[in-house]
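Written out below as C-alpha coordinates is the structure these notes cover.
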Amino acid sequence: MSAIGNLIWFLFGGVFMGLAWCFFGVLAFISIIGIPWGRACFVIAGFSFFPFGKEAIYRDELTRNEDIGTGSLGFIGNVLWFIFAGFWLAIGHVMSAVACFVTIIGIPFAIQHLKLAVISIAPIGQTIVDKEVAAAARRANAEAEVNKWR
1 MSAIGNLIWF
11 LFGGVFMGLA
21 WCFFGVLAFI
31 SIIGIPWGRA
41 CFVIAGFSFF
51 PFGKEAIYRD
61 ELTRNEDIGT
71 GSLGFIGNVL
81 WFIFAGFWLA
91 IGHVMSAVAC
101 FVTIIGIPFA
111 IQHLKLAVIS
121 IAPIGQTIVD
131 KEVAAAARRA
141 NAEAEVNKWR
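If you're matching positions, the sequence shown starts at 1 in UniProt numbering and goes up one per residue.
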(Lines of atoms letter the chains of each structure in order from A; the text may use other names.)
(Lines give C-alpha, C1' and ligand atoms only; values in the text may rest on other atoms or scores of the structure.)
Protein backbone atom coordinates (compact mmCIF):
# COMPACT_ATOMS: atom_id res chain seq x y z
CA MET A 1 0.00 0.00 0.00
CA SER A 2 2.86 2.39 0.74
CA ALA A 3 4.22 1.83 -2.80
CA ILE A 4 0.95 3.08 -4.28
CA GLY A 5 0.91 6.01 -1.86
CA ASN A 6 4.50 6.88 -2.75
CA LEU A 7 3.77 6.74 -6.48
CA ILE A 8 0.73 8.99 -6.18
CA TRP A 9 2.65 11.31 -3.85
CA PHE A 10 5.58 11.59 -6.23
CA LEU A 11 3.45 12.22 -9.33
CA PHE A 12 1.13 14.75 -7.72
CA GLY A 13 3.47 17.14 -5.97
CA GLY A 14 6.02 15.29 -3.86
CA VAL A 15 8.62 15.72 -6.56
CA PHE A 16 8.52 19.52 -6.19
CA MET A 17 9.31 19.59 -2.48
CA GLY A 18 11.91 16.86 -2.94
CA LEU A 19 13.60 19.04 -5.53
CA ALA A 20 13.41 21.99 -3.11
CA TRP A 21 15.29 19.89 -0.54
CA CYS A 22 17.88 19.02 -3.21
CA PHE A 23 18.23 22.71 -4.12
CA PHE A 24 19.02 23.68 -0.53
CA GLY A 25 21.36 20.68 -0.29
CA VAL A 26 23.33 21.86 -3.32
CA LEU A 27 23.53 25.37 -1.85
CA ALA A 28 24.82 23.94 1.41
CA PHE A 29 27.48 21.88 -0.38
CA ILE A 30 28.61 24.91 -2.39
CA SER A 31 29.30 26.82 0.82
CA ILE A 32 31.66 24.02 2.03
CA ILE A 33 30.88 24.85 5.67
CA GLY A 34 27.32 23.69 5.07
CA ILE A 35 28.22 20.13 4.06
CA PRO A 36 26.59 18.55 7.16
CA TRP A 37 23.37 20.41 6.35
CA GLY A 38 23.67 19.39 2.70
CA ARG A 39 23.95 15.74 3.64
CA ALA A 40 20.83 16.05 5.80
CA CYS A 41 19.05 17.77 2.90
CA PHE A 42 19.70 14.88 0.55
CA VAL A 43 18.60 12.28 3.11
CA ILE A 44 15.38 14.20 3.73
CA ALA A 45 14.95 14.81 -0.02
CA GLY A 46 14.74 11.05 -0.48
CA PHE A 47 12.16 10.96 2.30
CA SER A 48 10.30 13.86 0.69
CA PHE A 49 10.21 12.04 -2.65
CA PHE A 50 8.87 8.79 -1.15
CA PRO A 51 7.66 9.31 2.46
CA PHE A 52 5.17 6.51 3.00
CA GLY A 53 6.47 3.55 5.01
CA LYS A 54 9.28 5.63 6.53
CA GLU A 55 9.57 7.88 9.54
CA ALA A 56 11.92 10.51 10.90
CA ILE A 57 13.36 9.73 14.32
CA TYR A 58 16.03 11.37 16.44
CA ARG A 59 19.29 9.44 16.31
CA ASP A 60 19.69 9.40 20.09
CA GLU A 61 16.23 7.85 20.35
CA LEU A 62 17.23 5.23 17.78
CA THR A 63 20.70 4.39 19.10
CA ARG A 64 20.36 5.50 22.75
CA ASN A 65 23.64 7.40 22.30
CA GLU A 66 24.06 11.15 21.99
CA ASP A 67 26.19 12.38 19.09
CA ILE A 68 27.28 15.75 17.74
CA GLY A 69 23.96 16.31 15.95
CA THR A 70 21.76 15.48 18.93
CA GLY A 71 23.61 17.60 21.47
CA SER A 72 24.12 21.33 21.93
CA LEU A 73 26.01 21.69 18.64
CA GLY A 74 23.05 20.11 16.87
CA PHE A 75 20.79 22.72 18.47
CA ILE A 76 23.01 25.52 17.17
CA GLY A 77 23.07 23.86 13.76
CA ASN A 78 19.27 23.67 13.74
CA VAL A 79 18.98 27.37 14.62
CA LEU A 80 21.28 28.27 11.72
CA TRP A 81 19.39 25.87 9.47
CA PHE A 82 16.05 27.44 10.37
CA ILE A 83 17.30 30.94 9.58
CA PHE A 84 18.79 30.09 6.18
CA ALA A 85 16.60 27.29 4.78
CA GLY A 86 14.23 25.62 7.22
CA PHE A 87 11.74 28.45 7.33
CA TRP A 88 11.36 28.45 3.54
CA LEU A 89 11.02 24.68 3.28
CA ALA A 90 8.46 24.68 6.08
CA ILE A 91 6.42 27.31 4.23
CA GLY A 92 6.59 25.21 1.05
CA HIS A 93 5.35 22.12 2.87
CA VAL A 94 2.55 24.02 4.61
CA MET A 95 1.42 25.55 1.30
CA SER A 96 1.51 22.08 -0.28
CA ALA A 97 -0.52 20.73 2.65
CA VAL A 98 -3.17 23.39 2.19
CA ALA A 99 -3.40 22.51 -1.50
CA CYS A 100 -3.77 18.81 -0.64
CA PHE A 101 -6.42 19.43 2.04
CA VAL A 102 -8.74 20.82 -0.65
CA THR A 103 -9.60 17.30 -1.82
CA ILE A 104 -10.66 14.40 0.36
CA ILE A 105 -8.20 12.03 -1.30
CA GLY A 106 -5.40 14.51 -0.62
CA ILE A 107 -5.80 14.56 3.18
CA PRO A 108 -3.21 11.80 3.86
CA PHE A 109 -0.79 13.69 1.61
CA ALA A 110 -1.49 16.93 3.45
CA ILE A 111 -0.75 15.25 6.77
CA GLN A 112 2.54 13.98 5.37
CA HIS A 113 3.43 17.50 4.18
CA LEU A 114 2.78 18.81 7.69
CA LYS A 115 5.09 16.13 9.14
CA LEU A 116 7.76 17.19 6.63
CA ALA A 117 7.21 20.84 7.60
CA VAL A 118 8.04 19.94 11.21
CA ILE A 119 11.15 18.06 10.09
CA SER A 120 12.24 20.98 7.91
CA ILE A 121 12.33 23.28 10.93
CA ALA A 122 15.04 21.26 12.71
CA PRO A 123 16.45 18.30 10.71
CA ILE A 124 19.89 18.04 12.33
CA GLY A 125 20.02 15.05 14.68
CA GLN A 126 17.27 13.14 12.88
CA THR A 127 17.48 10.16 10.57
CA ILE A 128 14.99 8.43 8.31
CA VAL A 129 14.16 4.78 8.99
CA ASP A 130 11.36 2.31 8.23
CA LYS A 131 8.31 2.70 10.45
CA GLU A 132 8.93 -0.73 11.97
CA VAL A 133 12.48 0.22 13.00
CA ALA A 134 11.25 3.44 14.62
CA ALA A 135 8.50 1.58 16.50
CA ALA A 136 10.99 -1.06 17.71
CA ALA A 137 13.38 1.65 18.94
CA ARG A 138 10.58 3.40 20.82
CA ARG A 139 9.47 0.11 22.40
CA ALA A 140 13.03 -0.70 23.45
CA ASN A 141 13.42 2.78 24.97
CA ALA A 142 10.14 2.42 26.86
CA GLU A 143 11.16 -1.01 28.18
CA ALA A 144 14.56 0.33 29.24
CA GLU A 145 12.87 3.20 31.06
CA VAL A 146 10.52 0.81 32.88
CA ASN A 147 13.40 -1.49 33.81
CA LYS A 148 15.39 1.49 35.08
CA TRP A 149 12.73 2.17 37.72
CA ARG A 150 12.42 -1.45 38.89
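All C-beta atoms in this analysis are idealised placements derived from N, C-alpha and C, irrespective of residue type, glycine included.
Proximity of residue i and residue j at Cβ, strictly below 8 Å
i       : j      : result
Lys-131 : Gly-18 : no
Pro-51  : Trp-81 : no
Ile-32  : Gly-69 : no
Asn-141 : Glu-61 : yes
Expected contact under 8 Å - CB spacing of residue i and residue j to nearest Å
i       : j      : result
Ser-48  : Gly-86 : Between Gly-86 and Ser-48 the Cβ distance is about 13 Å, and since that is not below 8 Å, they are no contact.
Cys-41  : Phe-24 : 5 Å
Gln-126 : Ile-57 : 7 Å
Length of the line joining the Cα atoms of residue i and residue j
i           : j       : result
residue 205 : Ile-128 : Residue 205 cannot be examined here, being either before or after the span of the chain that is shown, 1 to 150.
Gly-34      : Glu-66  : 21 Å
Ser-2       : Ser-72  : 35 Å
Trp-37      : Val-102 : 33 Å
Ala-122     : Trp-149 : 32 Å
Ala-117     : Ala-144 : 31 Å
Trp-88      : Arg-64  : 31 Å
Member of the options whose CA lies at the smallest distance from the CA of residue i
i      : options                             : result
Gly-5  : Val-133, Ala-134 and Gln-112        : Gln-112
Trp-21 : Ile-44, Ser-2, Ile-76 and Phe-12    : Ile-44
Arg-59 : Ile-30, Ala-137, Thr-103 and Gly-38 : Ala-137
Proximity test, residue i beta-carbon vs the ligand ADP heavy atom, cut-off 7 Å
i      : result
Gly-34 : Because no ligand of any kind appears in the structure shown, any question about the ligand ADP cannot be addressed here.
Neighbour-count burial assignment, residue i, 16 or more Cβ in a 10 Å radius
i       : result
Phe-109 : buried
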